[in-house]
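A short worksheet on the structure shown next.
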Amino acid sequence: MNKLGVESIISNICGKNKDMNSHLFSADMKLADVIHADYSLLLLLHRFGINLGFGDKTVRECCEANHVSCTLFLMICNVYSNEQYLPTEKEIEGIGGNVDQLIAYLKNSHSYYLENRMLSIQEQLKEISEGCEQQHQQILNLFFNEYKNEVIRHFDYEEVTVFPYISNMVKGARPGDYEIGVFRENHSNIDDKLNDLKNIIMKYLPGDTLSDMRIRVLFGIFALEEDLSKHSLIEDKILIPLVMKLEQRYAKQ
């Protein structure tokens, strides 16, 4: 490849990065403007313990008032809103002192999925199944319960094994045989059963079975799927790289 071709590629990459950076949220932006730009970020506020009613305060001011790491909050907002955004090594190092807040955020997310989103979907599916034949009732219950149990196992593994491992390492306990690479290699996709459930509701239930309720529950399932996907991105792009750096630090001691 000639020099002109290389320069063209580099220029193109830099241009894309510049365009992406122009769409990243910053500490001096008003939090209300951030929410207006991506209303799905409302879900993050409660997980960080930030309440509504923040007026015209900036992101930095809201984070300081709630004892939240502004750097971590913005990083998660940007990962959540921009799938192309990848935190730099320097940015990852910058949240090293806030691992406890990251773990708390992830745990709060788990609680939200199980106690809010999935409970709502379960109640709607129950109402739908009551208008179906027994065969369809059994299929709906089977697929939802299998998915729910898989999610619970996934979250339990993180909360019983992964998060305590990270917390102990932050407190100074040397890591044992376990390492975050095990989590990375087994960070499974739990969307397959959710896709099956969506297809059953869309394709295979009788057409006259509570159409309005089916549309509502499908919206809920799609929203849960999207939120869980972003949750996984946060673990892949922030948690795992951060813990790998902590492990490297211990390996040098």
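If you count by the UniProt record's numbering, then the sequence shown holds residues 1 to 253, one letter each, in order. All C-beta atoms in this analysis are idealised placements derived from N, C-alpha and C, irrespective of residue type, glycine included.
Figure out for me which residue from Y105, L42 and R117 has the closest Cα to the Cα of E235.
Reading the sequence shown from its first residue, position 235 is the one you call residue 235. Selected option, being the one with the closest Cα: Y105.
query = Span of the alpha helix (DSSP H) holding K148?
reply = As a position in the sequence shown, residue 148 is number 148, starting the count at 1. Q134 to Y157 is the extent of the alpha helix (DSSP H) around K148.
Quick check on the burial criterion: 16 or more other C-beta atoms within 10 angstroms. Buried or exposed for Y147? In the sequence shown, residue 147 corresponds to position 147, counting from 1. Buried, since its Cβ has 16 or more Cβ neighbours within 10 Å.
Cα-Cα, which of L246, D38 and I139 is closest to Y204? In the sequence shown, residue 204 corresponds to position 204, counting from 1. Comparing Cα positions, the closest option is I139.
Would you kindly work out how many angstroms separate the C-alpha atoms of N82 and I92, rounded to a whole number? Taking the sequence shown and counting its residues from 1, one reaches residue 82 at position 82. Taking the sequence shown and counting its residues from 1, one reaches residue 92 at position 92. Approximately 17 Å, taken between the alpha carbons.
* Is L4 helix, strand or coil when you go by DSSP? -> Position 4 of the sequence shown holds residue 4. Because L4 sits at a pLDDT of 49, beneath the cut-off of 50, its placement in the model cannot be relied upon, and the following sentence gives the value as read from the coordinates. Of the three classes helix, strand and coil, the one that applies to L4 here is helix, per DSSP.
message = At the level of alpha carbons, what is the spacing between V170 and G96?
response = Taking the first residue of the sequence shown as 1, we reach residue 170 at position 170. Taking the first residue of the sequence shown as 1, we reach residue 96 at position 96. Between V170 and G96, the C-alpha separation is close to 9 Å.
### Query
According to DSSP, is K107 helix, strand or coil?
Mapped onto the sequence shown, residue 107 falls at position 107. Here K107 sits in helix by DSSP.
_Residue of H110, K30, G172 and M75 minimising C-alpha distance to L24_ = On the sequence shown, residue 24 is found 24 positions in, with the first residue counted as 1. The shortest C-alpha separation from L24 is found at M75.
From H36, H110, Q84 and T71, pick the residue whose C-alpha is nearest to that of G94; which is it? The residue labelled residue 94 in the question sits at position 94 within the sequence shown. Residue T71 is the option with its Cα nearest to G94.
Q: Give the secondary structure of K198 by DSSP, where H, G and I count as helix, E and B as strand, and everything else as coil.
A: For the purposes of this step, residue 198 is identified with residue 198 of the sequence shown, where counting begins at 1. The answer is helix: DSSP assigns K198 an H, G or I state.
* Beta-carbon proximity of K198 to L224, cut-off 8 Å -> Position 198 of the sequence shown, counting from 1, holds the residue named residue 198. Position 224 of the sequence shown, counting from 1, holds the residue named residue 224. Contact annotation: K198 and L224 have beta-carbon atoms that are not nearer than 8 Å.
Spatial neighbours of L210 within its chain, please: C-beta separation below 8 Å, excluding the five flanking residues on both sides. On the sequence shown, residue 210 is found 210 positions in, with the first residue counted as 1. Cβ within range, chain order: E127, I128 and G131.
When you compare the segment 112-124 with the segment 56-70, are there three or more beta-carbon pairs, one atom per stretch, that lie closer than 8 Å? no
Notebook entry, point to check: Quick one: what's got a C-beta closer than 7 Å to P87's C-beta in the same chain, skipping five residues either side?
Noted result: By one-based count along the sequence shown, residue 87 stands at place 87. Cβ contact annotation for P87 (same chain, cutoff 7 Å, sequence separation greater than five): M75, K237 and I238, in chain order.
Measure how close the beta-carbons of H110 and F155 come, nearest whole angstrom, since I'm counting them as under 8 Å. Working through the sequence shown from its first residue, we reach residue 110 at position 110. Working through the sequence shown from its first residue, we reach residue 155 at position 155. Correct: roughly 5 Å between the Cβ atoms.
Exercise for the section: Just tell me which of D192, V162 and E123 has its CA closest to the CA of E150. Expected result: Position 150 of the sequence shown holds residue 150. Closest by alpha carbon: D192.
Q: Let me know the secondary structure DSSP gives K237 once reduced to three states.
A: On the sequence shown, residue 237 is found 237 positions in, with the first residue counted as 1. Here K237 sits in helix by DSSP.
Taking all protein chains shown into account, do 16 or more other C-beta atoms lie within 10 angstroms of the C-beta of S167, making it buried, or fewer, making it exposed? Residue numbering aside, residue 167 sits at position 167 when the sequence shown is read from its first letter. Taking all protein chains in view, the Cβ of S167 is surrounded by fewer than 16 other Cβ atoms within 10 Å, so the residue is classified as exposed.
| Hey, how far is the Cα of N78 from the Cα of L31? | Walking along the sequence shown from the start, residue 78 turns up at place 78. Walking along the sequence shown from the start, residue 31 turns up at place 31. Rounded to the nearest angstrom, the two C-alpha atoms are 13 Å apart.
Could you check the C-alpha separation between L177 and K107 for me, to the nearest Å? Working through the sequence shown from its first residue, we reach residue 177 at position 177. Working through the sequence shown from its first residue, we reach residue 107 at position 107. It should be noted that the sequence gives Asp, not Leu, for residue 177. If I take the Cα positions, the gap works out to 24 Å.
| query | What are the start and end residues of the alpha helix (DSSP H) that includes P206? | reply | By 1-based counting over the sequence shown, the position of residue 206 is 206. Looking at the DSSP string, P206 is not in any alpha helix (DSSP H), and its letter there is neither H nor E.
| field | Inter-residue Cα distance where the pair is L125 and D196 | value | Within the sequence shown, numbered from 1, the residue matching residue 125 stands at position 125. Within the sequence shown, numbered from 1, the residue matching residue 196 stands at position 196. Looking at the two C-alpha atoms, the distance is approximately 14 Å.
(Q) Starting from residue 271, trace the alpha helix (DSSP H) in both directions and tell me its first and last residue. (A) Not covered by the structure: residue 271. The range shown for the chain is 1 to 253.
ask   = How many angstroms separate the CA atom of Y80 from the CA atom of H136?
value = Along the sequence shown, one-based indexing puts residue 80 at 80. Along the sequence shown, one-based indexing puts residue 136 at 136. If you take the alpha carbons of Y80 and H136, they lie about 36 Å apart.
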